[in-house]
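First comes the structure, then the notes that go with it.
Residue numbers (the numbering used here): 2 to 179.
Next comes the structure, spelled out in C-alpha cells:
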C-alpha cells in the first residue's frame, strides 16, 4: 500500500511544471554566472547604485542646516566675490580699508599679504562679528551684489574724493528701502 514514489503532499501538474521551470532557470542562471566570472557582482552593483541613484543625504544635510547668524554667513559668501571685483578693489589697500571702515577689522602688514590671504583673513574674522550691527550692511550688499549697474555706480563713486564705504552703503540702503 505504501508507494515510495508518492510524496507526502499531493502535487498538481502545474506545480510540477513550475518546479521544472525553476530548475531550468537556476541551471541557466548558474551558466550565466559561470560565463561572467570576471565580473565582481557586489562591486558592479555598488557602482551602479552610486552612478544611477541620487544621493539624498547630500541634499538633505544642506537643507536641514539653519544658520544661527544668517547675516554673517551671507557675508562669508558675498565678500570674496566683491573683493575679487577689480572695479571695486584694485589694490590690497582698498580691501583693507573696506575691512577697517565697514567691518571694523584691522589688518596689519597689508603690503606683504596676497589678495587671497587678505580675503581669507577677512572672511575668517567676519565669523566673529556682531550679527546685529551687520544687518544694514547685509541688506545693502544684497541689493548691489547681483546688480552690475549698482556695482558700477559704487565703483564710480569710489573714485571720487572723500569716498566713504559706510556712507555709500547707507546711501544704498536708503535707496533700496524707498
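We put the CB at the ideal spot given by N, CA and C, even for glycine. As the structure is a prediction and not an experimental result, all values here were calculated from the model.
Distance from residue 79 to residue 142 at the Cβ level is roughly 6 Å; contact confirmed, criterion being Cβ atoms closer than 8 Å. Taking C-beta atoms under 8 Å as the contact rule, residue 89 and residue 83 qualify, at a distance of about 6 Å.
Burial is judged here by how many other beta carbons sit within 10 angstroms of a residue's own beta carbon; residue 76 has at least 16 and is buried. Less than 9 Å separates the beta-carbon of residue 93 from that of residue 119. Comparing C-alpha distances from residue 129 to each of 49, 104, 39, 53 shows the shortest one belongs to 104. CA-CA distance, residue 22 to residue 31, rounds to 14 Å. When only Cα atoms are considered, residue 109 and residue 137 end up about 27 Å apart.
For a cut-off of 8 Å, the C-beta gap from residue 102 to residue 166 is around 5 Å, short enough to register as a contact.
Every alpha helix (DSSP H) stretch that sits fully inside the segment 85-135 and reaches 4 residues is listed by chain position as 93-99, 116-127.
Residues 132 of the same chain have their beta carbon placed closer than 7 Å to that of residue 70, with the five preceding and five following residues left out of the count. When only Cα atoms are considered, residue 49 and residue 41 end up about 12 Å apart. Here the C-alpha atom of residue 135 lies approximately 15 Å from the C-alpha atom of residue 68.
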